[in-house]
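Residue numbers for the sequence shown follow this note's numbering, so the first one is 29 and each next one is one higher.
No residue lacks a Cβ here, since even glycine has one placed at the ideal position from N, Cα and C.
Read the structure below first, then the notes.
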Amino acid sequence: MPKKIRELLSALKKQGFVDRGGKGSHRNLIHDQGIRITISGKLGSDAKRYQERAVEEAIRRVKDEKKK
């Protein structure tokens with residue numbers, strides 16, 4: 029079962045990403061380390077698999093940078 033867009037945004041915010049706004053249903057998030065990600069869709073919509081992978085990758089990059 030796919031996650032909801034709101035779940036992806038919540039996971040990113042827990043890792044320190046900040047919502048910088050966006051047009052329409054797009055949300056641009058950025059981390060202090062310069063990592064950026066854009067998530068599109070309504071909050072209650074099912075996330076696409078590529079969106080879930082992008083969020084996992086962004087979170088992994090943040091964690092890897094913290095280890096350095």
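Of the candidates GLY72, SER68, LYS76, SER68 places its Cα closest to the Cα of GLY52. Cβ contact annotation for ALA39 (same chain, cutoff 8 Å, sequence separation greater than five): VAL83, ILE87, in chain order.
In the three-state scheme derived from DSSP, where H, G and I count as helix and E and B as strand, ASP92 is classed as helix. With respect to the 8 Å criterion, PRO30 and ASP74 are classified as neighbours on the basis of their beta carbons. The DSSP-derived three-state label of ILE65 is strand.
Per the C-alpha coordinates, the member of GLN79, LYS95, GLY44 positioned closest to HIS54 is GLN79.
Apart from sequence neighbours up to five positions away, the residues of its chain that approach ARG89 with a beta-carbon distance below 6 Å are ILE63, ordered along the chain.
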